[in-house]
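Enquirer:
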Amino acid sequence: MSTAGAVLTRASRQLLSGTVEERNKLATTVTSSDTSIVLSYDLGGFREGSVIEIESELMYIWESATATKTLTVQRGYDGTTAVAHTAGVLATVNPRFPRQQMLDALNSDIDDLSSTVNGLFRVVAQDINYNGSDRQINITSGSGIIDLLDVRLRYLADDYPMIRKVRLQRNLPTADFASGFAIVFDEPVMAGTLRVVTKREFTRASSESSDLQTACFVPQSCEDILEMGVLR
Numbered sequence: 254m255s256t257a258g259a260v261l262t263r264a265s266r267q268l269l270s271g272t273v274e275e276r277n278k279l280a281t282t283v284t285s286s287d288t289s290i291v292l293s294y295d296l297g298g299f300r301e302g303s304v305i306e307i308e309s310e311l312m313y314i315w316e317s318a319t320a321t322k323t324l325t326v327q328r329g330y331d332g333t334t335a336v337a338h339t340a341g342v343l344a345t346v347n348p349r350f351p352r353q354q355m356l357d358a359l360n361s362d363i364d365d366l367s368s369t370v371n372g373l374f375r376v377v378a379q380d381i382n383y384n385g386s387d388r389q390i391n392i393t394s395g396s397g398i399i400d401l402l403d404v405r406l407r408y409l410a411d412d413y414p415m416i417r418k419v420r421l422q423r424n425l426p427t428a429d430f431a432s433g434f435a436i437v438f439d440e441p442v443m444a445g446t447l448r449v450v451t452k453r454e455f456t457r458a459s460s461e462s463s464d465l466q467t468a469c470f471v472p473q474s475c476e477d478i479l480e481m482g483v484l485r
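In structure tokens, the structure reads:
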């Protein structure tokens, strides 16, 4: 299994093609609100007017103090999010390919995989209790549903007959159907447990630590597609 960050690192290796960017290390841990950054080594190119990257956060340097190796910075520069960083992590000055920009490209490609053009999807199976009288029932945890694949009724432990006259309805009022999605029955169905299988979109990576298989549900065989998307 791979994280989003691992794919970004592989893509960055290809993009830089041997180019070595100037780097330094954090000397101390910083919180999400600290505006003074102390580095471990001589500042070199870390000077006023430059942009530094620590993990996926960009910072603009307002002032640099060579003697104390301290930078006064604006946090969360260029739309990135200010977060805490631990001592020892790398800082890169004027990165050619910012990690947040690459993560945005990766997420755009995850969205693209589930588009109508490409038609890829993940399969989700869930059990829903049915009272035998409602014509429409809410699909719990129904985010990102593309279509119904299969609906079956648990008749016996070893017998799940298919319900054929059933369809998906979307964009329903969430006051009545919490997910906005419902299963519509066009024939009587007895009460019991329904086994509902749906096509769903892949999920975006919330951070570089997001696991592409367990959090985004992207098969490992598709990782090269995502890497190519980042490289574009």
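Take any residue in the sequence shown, note its place counting from 1, add 253, and you have its number in the numbering used here.
Every residue, glycine too, gets a C-beta built ideally from N, C-alpha and C.
1. First and last residue of the alpha helix (DSSP H) that includes residue 259?
2. Does the contact criterion of 3 or more C-beta pairs under 8 Å hold for the region 448-462 versus the region 389-397?
3. Could you name the residues that DSSP lists as bridge partners for residue 448?
4. Note the first and the last residue of the continuous beta strand (DSSP E) segment covering residue 394.
5. On the CB-based measure, 16 or more other CB atoms within 10 Å of its CB, does residue 383 come out buried or exposed?
6. Can you have a look at residue 362 and say buried or exposed, based on whether 16 or more other CB atoms are within 10 angstroms of its CB?
7. Please state the DSSP three-state secondary structure of residue 316.
8. For a test of the three-state rule: what should DSSP assign to residue 464, helix, strand or coil?
9. For residue 280, which option in 267, 390, 294 has the closest C-alpha, if you only look at C-alpha atoms?
10. Just grab the DSSP bridge partners of residue 347 for me.
11. Quick test of the definition: if touching needs 3 or more C-beta pairs under 8 Å, does the region 412-430 touch the region 461-478?
12. Determine, using beta carbons only, whether residue 353 and residue 311 come nearer to each other than 8 Å.
13. Anyone know if the C-beta pair for residue 319 and residue 296 falls short of 8 Å?
14. Excluding sequence positions up to five away, which residues of its chain have a Cβ less than 8 Å from the Cβ of residue 371?
15. Here's the rule I'm using: 16 or more other beta-carbon atoms within 10 Å means buried, otherwise exposed. How should residue 266 be labelled?
16. Among the residues of its own chain, which have a CB less than 7 Å from the CB of residue 431, if the five just before and after it don't count?
17. In the DSSP assignment, find the unbroken alpha helix (DSSP H) run with residue 358 in it and report its ends.
18. Taking the CB atoms as reference points, tell me whether residue 425 and residue 435 lie closer together than 8 Å.
Expert: Based on what the coordinates show:
1. 257-269
2. yes
3. 380, 405
4. Here residue 394 belongs to no beta strand (DSSP E), and DSSP marks it neither H nor E.
5. buried
6. buried
7. strand
8. strand
9. 294
10. Its beta-bridge partners do not exist; DSSP assigns none.
11. no
12. yes
13. yes
14. 365
15. exposed
16. 391
17. 352-366
18. yes
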